[in-house]
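The opening residue of the sequence shown carries number 1 in the UniProt record's numbering; numbering runs sequentially from there.
From the three backbone atoms N, C-alpha and C, an ideal C-beta is built for every residue, glycine too.
Step one of this worksheet: look at the structure below.
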Amino acid sequence: MPGINPLDYIAVKNVLARYCEALDLKDFRLLEKVFLPDVIADYPFNSDLKGVDAVSQAIQKRLGPIRTHHNLTTQTITFDPDGKEARAVTYFNAIHFGQGPHEGKMLCAYGTYLDDLVLREADDGDHEGVQGASGIWRIKGRSVLFTRRIGDEMIMKEF
């Protein structure tokens, strides 16, 4: 039985990092390179999201006008024996910066992303910067759990 391709570990990490880039850069189309089109997602602010468009719209509504800085910290990634599915548990912290009347205020969120990922064939050999990976990885299911939120919640509600 062949082992797990160690380059897939890097490819999974890159997909999870791309999520943070999409949010912080406000490049929400980039989420199409993070999630499967039919992803199922459970966020504390919206617990029944189906499809990448629904996830993107919910995040845009929540974070669109807010400047953010997301960080990924402690992480474990495990692969199924066949190497075609993976499970990632990733701790995060995210800083949300107040705008307008809330300039100078912050809300810090701490929590965990629980992701189920699947391997897909790379289109035209594009391994998204990880040459030698088995293909490209996408999140098929995500649950977000908050550990703690510290700061002014109003910056998320009033713009």
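Between residue i and the ligand GTP, is there a pair consisting of the residue's CB and a ligand heavy atom that are separated by less than 7 Å?
i, result
"tyrosine 91", "You won't find the ligand GTP in this model; it holds no ligand whatsoever."
Classify residue i: buried if its beta carbon has 16 or more other beta carbons within 10 angstroms, exposed otherwise.
i, result
"isoleucine 139", "buried"
"valine 52", "buried"
"glycine 104", "exposed"
"phenylalanine 45", "exposed"
"residue 196", "Here the chain comprises residues numbered 1 to 159, so residue 196 is not present and cannot be evaluated."
"valine 90", "Residue 90 is actually threonine in this sequence, not valine. The residue in question, threonine 90, is buried, as its Cβ has 16 or more Cβ neighbours within 10 Å."
"leucine 145", "exposed"
"leucine 63", "buried"
"threonine 25", "A small fix is needed here, since residue 25 is leucine in this sequence, not threonine. It is exposed - the Cβ of leucine 25 has fewer than 16 other Cβ atoms within 10 Å."
Rounded to the nearest angstrom, how far is the Cβ of residue i from that of residue j, given a contact under 8 Å?
i, j, result
"isoleucine 136", "alanine 11", "7 Å"
"glycine 98", "methionine 106", "7 Å"
"valine 118", "glutamate 85", "5 Å"
Leaving out five residues before and five after residue i in sequence, what residues of the same chain have Cβ atoms less than 7 Å from its Cβ?
i, result
"serine 56", "Phe28, Leu31"
"tyrosine 9", "Ile77"
Below 6 Å CB to CB, which residues in the same chain sit around residue i once its five sequence neighbours on both sides are set aside?
i, result
"asparagine 71", "Asn93"
"serine 143", "Asp42, Leu114"
"threonine 147", "Tyr110, Gly111"
"residue 167", "A question about residue 167 goes unanswered here, because the residues of the chain that appear run from 1 up to 159."
"residue 226", "With the chain running from 1 to 159 in the structure shown, residue 226 is simply not present."
"threonine 73", "Tyr91"
"glutamine 60", "Phe28"
Apart from the five residues just before and just after residue i, which ones in its own chain have a Cβ nearer than 8 Å to its Cβ?
i, result
"glycine 151", "His96, Lys105, Met106, Leu107, Cys108"
"serine 47", "none"
Beta strand (DSSP E) runs wholly inside the UniProt domain "SnoaL-like" (8 to 142), at least 3 long, in chain order: 35 to 43, 46 to 50, 67 to 79, 85 to 97, 106 to 120
Counting pairs of Cβ atoms below 8 Å between the segment 119 to 126 and the segment 148 to 156, do you hit three or more? no
How about the segment 62 to 71 and the segment 111 to 118: do they share at least three Cβ pairs that are nearer than 8 Å? no
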